[in-house]
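A.B. asks: When you line the sequence shown up against mature numbering (1 follows the signal peptide of the UniProt record, and there is no 0), it's residues -19 to -1, 1 to 162, in that order.
Pasting in a structure now, in structure tokens, and then I'll have a few things to ask.
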Amino acid sequence: MNYKLISGFLATVVLSACASFQDIPPNSNITEVNKVLGSPQNSCPTSDGKQYYLWGRASKSNVVGALVDSNGTVGPFTEVHTEKSFARLDSGNWTQQDVLCSFGHPYEIERLGFGEKRALIWTYRYEKDNAWPALMHVYFGGDETKVTHRHSGPDPFYEQDYWGWPYPWGFGFGVGFGFGF
């Protein structure tokens, strides 16, 4: 068996898994960027004829965006799922398409409430203050066309159970004494 070939392959896989947008030189071509970051999860046209691309996945907090001109040149990258970026939702009239183009596909979509308080909620994963796993909930109220408000909270996926043992499912296992723990 050729151990050099196998170890070379494994090294390539491990190193490519560590690649990030910070490793990409400025003014790279979209093809080069896609080789490093993979296919974009979303792209939307802008009013000035460029395309805004998002790379990352909804289940992850590290989503980056960049403008790409008609020649395929990628502009500077910005981290999309940040407190500062989500604060933009507090002003203006944001439609579902605007939110989708700016933040990508949500991690979770649900409808909660009754009557006039019923809302469509898009949830995004992010790191609050670059340290704490959190969820950003974006509410589309009433007719579900415009953002009405947003709020953040802890990500239960990373919460610990009652005994302090972390479970990746966001809950612990109870002790069956006739009442819940």
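Where is the CB? At the ideal position from N, CA and C, for every residue including glycine.
I believe Thr59 touches Asn10 by the beta-carbon criterion, under 8 Å. Please report the beta-carbon distance rounded to the nearest angstrom.
C.D. replies: Thr59 to Asn10, Cβ: 19 Å. No contact.
A.B. asks: What is the C-beta distance between Trp103 and Pro114, in whole angstroms, given that I count them as a contact (C-beta under 8 Å)?
C.D. replies: In fact, because the Cβ distance is near 18 Å, the residues do not count as touching under 8 Å.
A.B. asks: Is it true that the stretch 68 to 83 meets the stretch 120 to 131, where meeting means three or more beta-carbon pairs spaced less than 8 Å apart?
C.D. replies: Cβ pair count under 8 Å is three or more, so yes.
A.B. asks: Would you kindly work out how many angstroms separate the C-alpha atoms of residue 241 and Tyr139, rounded to a whole number?
C.D. replies: Residue 241 is absent from the model: the chain starts at -19 and stops at 162.
A.B. asks: What did DSSP end up calling Ile5 once you bin it into helix, strand or coil?
C.D. replies: Three-state result, Ile5: coil.
A.B. asks: When the distance is taken between beta carbons, is Val49 closer than 8 Å to Lys31?
C.D. replies: Yes, the pair counts as a contact, with Cβ atoms nearer than the cut-off.
A.B. asks: Between Val14, Glu13, Leu35, Ser51, which lies nearest to residue 176 when the distance is taken from Cα to Cα?
C.D. replies: What is shown of the chain runs -19 to 162, which leaves residue 176 out entirely.
A.B. asks: Within the continuous alpha helix (DSSP H) that includes Glu13, where are the two ends?
C.D. replies: Per DSSP, Glu13 belongs to the alpha helix (DSSP H) from 11 to 18.
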